[in-house]
Amino acid sequence: MVKVDAAAYLKDVEKARRSLRALIASKNCAPIMLRLAWHDAGTYDANTKIGGANGSIRNHEELSHAANNGLAIAIALCGPLTHSSLLLLSSSSIHLIHFCYPLPEEVKNQSPLITYADLYQLAGVVAVEITGGPTIHFVPGRKDSLVSPREGKLPDAKQELLKGETDGLLKLPTDKSLLEDPEFRHYVELYSKDEDAFFKDYAISHKKLSELGFTPSSSGLKMEVKNTAILAQSAVGVTVAAAVVAMSYFYEVHRRTK
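Right, dumping it as structure tokens:
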């Protein structure tokens, strides 16, 4: 592995942040960018140490998982897709990327040192900030992996939607559980009254999710790291559920104020 100068790497990270901010703001693609970040990180298995925020979602094997349907577009916006991954895109999606968006490899080309693992998580952080959410402390240093986790580590979004109610507002099972479970409902009521508390807790949860399978202190980048930890596998569901509700909130507020 080629050794990268820490200062040069951090400079590329900041350049990528600016590029992502411009891309996401101008093309209104925050939801799919955040989904990309979640799906790359959310596969972490604490027992096998496989999965997590390691950029493996760009591999054809993992990208073809049912839960990742549609994410080839987000990956193409961050950096070039492999030939096999391009096969997952419909002709209409390819047209959308090439004619409605900047060059797919623009962000990665402008910041060639940044790993895909860092790029995808940075995209998620920027997506939240662009849509009016809290600032999330981002610690770079994730390494890319070519090892993909087995399918089934993530919920299938299509199946989740099919389980929703057909009359009135469609609700995901995770949304309903937040109201029906006494422990979850406590936080729903708290956050509905205290946005500052909600933003603070969300930022902490998002940061932890983005660091699954990644230990900042071992990354080789000399920088101060505060309050970082790897989530226990049993806590991942709680974080994802909170994140789903959070992004829905951020995006709806952003839509109404446009």
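In terms of UniProt numbering, the sequence shown is numbered consecutively and its last residue is 258.
Glycine residues also receive a C-beta, built at the ideal position from the N, C-alpha and C atoms.
Cβ-Cβ distance between residue i and residue j below 9 angstroms
i           : j    : result
S210        : A25  : no
D144        : A127 : no
V13         : I114 : yes
A76         : M33  : no
residue 259 : H65  : What the structure shows of the chain is the stretch from 1 to 258, and residue 259 is not part of that stretch, so it cannot be assessed.
N59         : S148 : yes
E106        : L212 : no
Residue i to residue j span [Cα, whole Å]
i           : j    : result
R35         : V125 : 11 angstroms
G51         : T43  : 5 angstroms
A123        : R17  : 8 angstroms
Q110        : K207 : 25 angstroms
A72         : D40  : 12 angstroms
D194        : R150 : 39 angstroms
A229        : F214 : Only weak support exists for where A229 lies, its pLDDT of 36 falling under 50; the coordinates are left without a value.
E61         : K15  : 30 angstroms
N28         : L146 : 30 angstroms
E129        : A203 : 10 angstroms
A6          : S19  : 20 angstroms
Y9          : L190 : 40 angstroms
C78         : A37  : 11 angstroms
D201        : V4   : 34 angstroms
residue 263 : P31  : This structure cannot settle anything about residue 263, because the visible part of the chain is limited to 1 through 258.
E180        : V188 : 10 angstroms
S234        : K49  : The predicted model places S234 with a pLDDT of 36, which falls under 50 and marks its position as unreliable, so this point remains unresolved.
K11         : R21  : 16 angstroms
Q121        : N47  : 22 angstroms
D45         : G152 : 11 angstroms
L63         : P216 : 26 angstroms
P112        : I57  : 19 angstroms
DSSP bridge partner residues for residue i (one or two, in chain order)
i           : result
residue 270 : Absent from the structure is residue 270, since the part of the chain shown begins at 1 and ends at 258.
beta-carbon residue i near the ligand ADP non-hydrogen atom, thresh 8 angstroms
i  : result
K3 : For the structure depicted, the ligand ADP is absent and the ligand set is empty, with no information on it obtainable.
Residue i burial status per 10 Å Cβ neighbour count (16 or more: buried)
i    : result
N69  : exposed
H186 : exposed
V139 : buried
K108 : buried
A67  : buried
P134 : buried
S192 : exposed
G141 : buried
A197 : exposed
T131 : buried
G55  : buried
Contact with chain B by residue i, beta-carbon distance below 9 angstroms
i   : result
N28 : Among the chains of the structure shown, chain B does not appear; only one protein chain is present.
What runs of the alpha helix (DSSP H), each 4 residues or longer, lie entirely inside the UniProt domain "Plant heme peroxidase family profile" (106-159)? 106-110, 116-130
Whole beta strand (DSSP E) runs in the segment 182-214 with 3 or more residues, listed along the chain? none
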